[in-house]
Amino acid sequence: MRRASLLRFLRGLRDGLPIGAGYFAVSFAFGIQARAIGLDALQTFALSGSNLTSAGQFAGLAVIKAGGTLLAMAATQLVINLRYCLMSCALAQKLARDVPFWHRFLIAFGVTDEIFAVSVASPRPLRPAYSYGLIAISWPGWAGGSLLGVLAGDLLPPALTAALAMALYAMFVAIVVPAARADRRVLGAALAAAALACLCAFAPGLRALSEGTRAILVTLVVAGAAALLFPEREAAHA
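In the working numbering, each residue carries its 1-based index in the sequence shown increased by 1444.
Here it is as structure tokens:
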């Protein structure tokens, strides 16, 4: 059993290596912005170390810079990160049935867009060791990149910082493409989600919604339609 867990952990490290590298690039830019509004290295590291949410943290910097209240910060994070509740519900169904609550609680800490995409793409029921492997390589990339970014300050030009921020989106596309090539249903869902996201971004009324709310709306509509059109039998849990 221990050998099997070790192998799952190592597989998680392998699959999470691109995520950790992408997180390092994006969080480096976050660290630079954190220093620009007056946060020191310890504060920035604590902020990134206790959170794994790029959009939420960048939005948090805006609230801090504006001198917002704790209530404003809580409301901002709730709206932006509410999609992780949907992801956690989906992963809860993917985990093996005998995984205890405390493992699920710890795994929930590491639920991000990219870790979720890699996890749901796994053809077998998830075991804690695999999820811990993903988190173990991703967390240092995010927290460490933030720390180095705040220490580097303004050493990097703005154009390069913006380019680093694009790395995360490129990595997420790289995660989705193999699954889309292997299954036309996944490809159709991805294209439908992209089209609906563009519609929400430009359509009157919908574009007034926050980015997090639009993401939740797109997820519910596309995932619900895919579940109705292409139902799957429940996978056997080992």
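The beta carbon of each residue, even a glycine, is placed where N, CA and C say it ideally should be.
Since the model is a prediction, treat every value here as computed from it, not as a measurement.
For LEU1643, name the three-state secondary structure that DSSP assigns.
helix
ASN1525 - containing alpha helix (DSSP H), residue span:
1514-1525
Kindly confirm or deny that the region 1481-1492 and the region 1511-1528 touch, where touching means at least three C-beta pairs closer than 8 Å.
no
From which residue to which residue does the alpha helix (DSSP H) around ARG1651 run?
Here ARG1651 belongs to no alpha helix (DSSP H), and DSSP marks it neither H nor E.
Does the Cβ of ASP1484 have 16 or more other Cβ atoms within 10 Å, making it buried, or fewer, making it exposed?
exposed
Could you give the DSSP three-state label for LEU1539: helix, strand or coil?
strand
Pull up the CB-CB distance for VAL1620 and LEU1640, whole angstroms please, since I reckon it's below 8 Å.
Not confirmed; about 15 Å, so no contact.
Helix, strand or coil: how does DSSP classify PHE1483 here?
Per the sequence shown, residue 1483 should be read as Leu rather than Phe. Three-state result, LEU1483: coil.
Same chain only: Cβ atoms within 6 Å of ALA1679, ignoring 5 sequence neighbours per side
Residue confidence is low: ALA1679 scores 47 on pLDDT, short of 50, so the model does not pin down where it sits. Its coordinate-derived value is still stated next. Answer for ALA1679: no residue qualifies.
When you measure from the CB of VAL1507 to every non-hydrogen atom of the ligand SAH, does any distance come out below 7 Å?
No copy of the ligand SAH occurs in the structure displayed, which carries no ligand at all.
Does DSSP put LEU1570 in a helix, in a strand, or in coil?
strand
Rounded to the nearest angstrom, what separates PRO1544 and ALA1536 at their Cα positions?
11 Å
Counting along the chain, where does the alpha helix (DSSP H) carrying PHE1674 start and finish?
Per DSSP, PHE1674 belongs to no alpha helix (DSSP H) and is neither H nor E.
Specify, as a first and last residue, the run of the alpha helix (DSSP H) that GLY1554 falls within.
Taken as a continuous stretch (DSSP letters only), GLY1554 belongs to no alpha helix (DSSP H), as it is neither H nor E.
Is SER1563 helix, strand or coil by DSSP?
helix
On the three-state DSSP scale, how would you describe GLY1511?
coil
Quick one: Cα of GLN1501 to Cα of ARG1452, how far?
30 Å
For SER1582 and GLY1475, which I take to be in contact (beta-carbon distance under 8 Å), what is that distance rounded to the nearest angstrom?
With a Cβ gap of about 16 Å, SER1582 and GLY1475 do not count as contacting.
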